[in-house]
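> Here it is, the structure, as structure tokens.
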Amino acid sequence: MRAVIVETPGDVDALSIGEAPKPTPGVGEVLVRTVASGVNRADVLQRQGHYPPPPGITDIIGLEASGIVEEVGEGVERWKQGDEVVALLSGGGYAEYFVAPEGQLITPPPGVDLVSAAGVLEVAATVVSNLRVGGLAAGEVFLSHGGAGGIGTFATQYAKALGAVVAATAGSEAKLQHCREHGADFAFDYNGDWVAELKEATGGADVILDIIGAKYLEPNVKALKKRGRIVVIGLQGGVKGTLNLGLLLAKQASIAATSLRFRPEAEKAEICAAVEAEVWPMLADGRIKLSPETRVAFDDVRAAHEQLTGGSNVGKIVLVH
Numbered sequence: 060m061r062a063v064i065v066e067t068p069g070d071v072d073a074l075s076i077g078e079a080p081k082p083t084p085g086v087g088e089v090l091v092r093t094v095a096s097g098v099n100r101a102d103v104l105q106r107q108g109h110y111p112p113p114p115g116i117t118d119i120i121g122l123e124a125s126g127i128v129e130e131v132g133e134g135v136e137r138w139k140q141g142d143e144v145v146a147l148l149s150g151g152g153y154a155e156y157f158v159a160p161e162g163q164l165i166t167p168p169p170g171v172d173l174v175s176a177a178g179v180l181e182v183a184a185t186v187v188s189n190l191r192v193g194g195l196a197a198g199e200v201f202l203s204h205g206g207a208g209g210i211g212t213f214a215t216q217y218a219k220a221l222g223a224v225v226a227a228t229a230g231s232e233a234k235l236q237h238c239r240e241h242g243a244d245f246a247f248d249y250n251g252d253w254v255a256e257l258k259e260a261t262g263g264a265d266v267i268l269d270i271i272g273a274k275y276l277e278p279n280v281k282a283l284k285k286r287g288r289i290v291v292i293g294l295q296g297g298v299k300g301t302l303n304l305g306l307l308l309a310k311q312a313s314i315a316a317t318s319l320r321f322r323p324e325a326e327k328a329e330i331c332a333a334v335e336a337e338v339w340p341m342l343a344d345g346r347i348k349l350s351p352e353t354r355v356a357f358d359d360v361r362a363a364h365e366q367l368t369g370g371s372n373v374g375k376i377v378l379v380h
């Protein structure tokens, strides 16, 4: 089968289209012919050699995809050949076929075509699972960094649907307007003093969803209210920062860091089921709108990665097979 191959980690030139063995579904697994693949920051990190897959997982990049069931393994009950599905993967999405555990496949969102659906599940699963970690409740203040990206666009809307007061950061007026149009009550330019502006507008954040990491560690703690919670899900700003434990202690605050990719299979299946039950109805009734979408041909995977890391991207990028 055709797949994106990375022989030596590096920049976008490390990506090439080549041949790889077609996977075979094992017990409880499903083989899917890929229609489209979502492109994520984690894919860039893996391409660069910084985010290897879990043991036993293919080294083909790709954490989410959509497609049509080709074959089911022993014990699979829900799916049959010809079914349309979206998948949460630990790897393998940038290929002509992929294999996934039965519980990590769900139906596409109602009224959403398979290409657009490829870019929804990983984002939704990430946000839903991590706002559970953060314990976001109605009436609390939620802050999402990267508010104009795929995660941020979904997170602001989902938090708003939960009844939170929503704030977001972004780096241009166009992106700030995008945040406002997708659920943010307040949008702050991260090039300015967003901590002071957040505190003036809301008194601070109860929950912060952070894709930046080290660079924002200290300002995030300053931005918290008492008993606030930070959930780190990305490391775009580095892996090592300094932390004022005295301030964290005084605020009785907490910091958690999670990775969806390395969670146990049963936990991922439960998260997928929660997305299908909770989020798909929100998409159907308009409480959540799909992110703006850029479709890129599978053979142009290098261009997709360049767009994602170039700083101007808004919303989701999807590779079309």
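Each residue of the sequence shown is one higher than the last, beginning at 60 in my numbering.
Don't be surprised by glycine CBs; every beta carbon is placed ideally from N, CA and C.
1. Looking at the secondary structure, which residues open and close the beta strand (DSSP E) in which Ala-356 lies?
2. Taking the alpha carbon of Ala-159 as the reference point, which residue from Ala-196, Ala-328, Ile-270 has its own alpha carbon closest?
3. For Thr-301, count neighbouring C-beta atoms within 10 Å of its own C-beta (all shown protein chains included) and say buried if the count is 16 or more, exposed if not.
4. Whole angstroms are fine: how far does the CA of Val-65 sit from the CA of Val-71?
5. Name the one or two DSSP bridge partners that Ile-127 has.
6. In terms of residues, what are the limits of the beta strand (DSSP E) holding Phe-157?
7. Tell me the DSSP bridge mates of Phe-201?
8. In chain order, what are the residue ranges of uninterrupted alpha helix (DSSP H) at least 4 long that sit wholly in the segment 61-118?
9. For Phe-321, count the other beta carbons within 10 Å of its own beta carbon; 16 or more makes it buried, fewer makes it exposed. Which is it?
10. For His-109, count the other beta carbons within 10 Å of its own beta carbon; 16 or more makes it buried, fewer makes it exposed. Which is it?
11. If you draw a straight line from the C-alpha of Thr-215 to the C-alpha of Asp-358, how long is it?
12. Per the DSSP calculation, Asp-248 is bridged to which residue(s)?
13. Using only the alpha-carbon positions, how far apart do His-241 and Lys-348 sit?
14. So, is Arg-100 buried or exposed, given that buried needs 16 or more other C-beta atoms within 10 angstroms?
15. Which first and last residues belong to the beta strand (DSSP E) in which Ser-313 is found?
16. On the premise that Asn-279 lies in contact with Ile-267, defined as a C-beta separation below 8 Å, what is that separation, rounded to the nearest angstrom?
17. According to DSSP, which residues form a beta bridge with Arg-288?
18. Alpha carbons only, please: which of Ile-289, Thr-185, Val-338 is nearest the one belonging to Glu-326?
19. Please go through the same chain and pick out, in chain order, the residues whose beta-carbon is closer than 8 Å to the beta-carbon of Ala-226, but skip the five residues on each side of it.
20. How many whole angstroms separate the CB atoms of Gly-97 and Glu-129, which I take to be in contact at a CB cut-off of 8 Å?
21. Have a look at Ile-330 and Pro-82 and give me their C-alpha separation to the nearest angstrom.
22. Using the Cα positions of Ala-312 and Leu-276, report the straight-line distance between them to the nearest angstrom.
23. How many angstroms separate the CA atom of Tyr-153 from the CA atom of Leu-74?
24. If you measure between the beta carbons of Ala-95 and Val-334, is that distance less than 9 Å?
25. Flag this pair as touching only if the segment 161-169 and the segment 141-153 have three or more C-beta atom pairs under 8 Å; answer yes or no.
26. Let me check understanding here. Comparing Cα to Cα, which of Val-86, Gly-251, Trp-339, Val-192 lies closest to Ala-315?
27. In terms of DSSP beta bridges, what is Lys-375 paired with?
28. Check the DSSP bridge columns for Gly-208 and list the partner residues they point to.
29. Per DSSP, what kind of secondary structure is Leu-257 in: helix, strand or coil?
Per the coordinate set shown:
1. 352-356 is the span of the beta strand (DSSP E), which, as asked, contains Ala-356.
2. When only C-alpha atoms are compared, the closest one is Ala-328.
3. For Thr-301, the number of other beta carbons within 10 angstroms of its own is below 16, and it is reported as exposed.
4. One C-alpha to the other measures close to 10 Å.
5. Under DSSP, Ile-127 shares a beta bridge with Arg-92, Glu-143.
6. First-last of the beta strand (DSSP E) with Phe-157: 156-160.
7. For Phe-201, which the question treats as bridged, DSSP gives the partners Val-225, Val-266.
8. Counting whole runs of 4 or more residues, the segment 61-118 contains the alpha helix (DSSP H) stretches 100-106.
9. Exposed, since its Cβ has fewer than 16 Cβ neighbours within 10 Å.
10. Exposed.
11. Distance between the alpha carbons of Thr-215 and Asp-358: 32 Å.
12. Answer is Ala-229, bridged to Asp-248.
13. As the crow flies, the alpha-carbon of His-241 is around 8 Å from that of Lys-348.
14. Flag for Arg-100 reads buried.
15. Ser-313: member of the beta strand (DSSP E) spanning 313-316, first to last residue.
16. The pair is a contact, with the Cβ atoms about 5 Å apart (cut-off 8 Å).
17. In the DSSP output, where bridge partners are listed per residue, Arg-288 has Val-266, Ser-313.
18. Glu-326 has its Cα closest to that of Thr-185, out of Ile-289, Thr-185, Val-338.
19. Taking Ala-226 as the centre and dropping the five residues before and after it, the same chain places the C-beta of Val-200, Phe-201, Leu-202, Ser-203, Ala-243, Asp-244, Phe-245, Ala-246, Phe-247, Leu-257, Ala-260, Thr-261, Ala-264 closer than 8 Å to its C-beta, in chain order.
20. Contact annotation, Gly-97 with Glu-129: C-beta distance approximately 20 Å; criterion of less than 8 Å not satisfied.
21. Between the C-alpha atoms of Ile-330 and Pro-82 there is a straight-line separation of about 25 Å.
22. Going from the Cα of Ala-312 to the Cα of Leu-276 covers about 13 Å.
23. Answer to the nearest angstrom: the Cα atoms are 11 Å apart.
24. Contact check for Ala-95 against Val-334 fails: the beta carbons are separated by 9 Å or more.
25. Yes, they touch.
26. Of Val-86, Gly-251, Trp-339, Val-192, the residue nearest in Cα terms is Val-192.
27. Lys-375 is bridged to Glu-352.
28. Bridge partners of Gly-208: Gly-374.
29. The three-state secondary structure of Leu-257, taken from DSSP, is helix.
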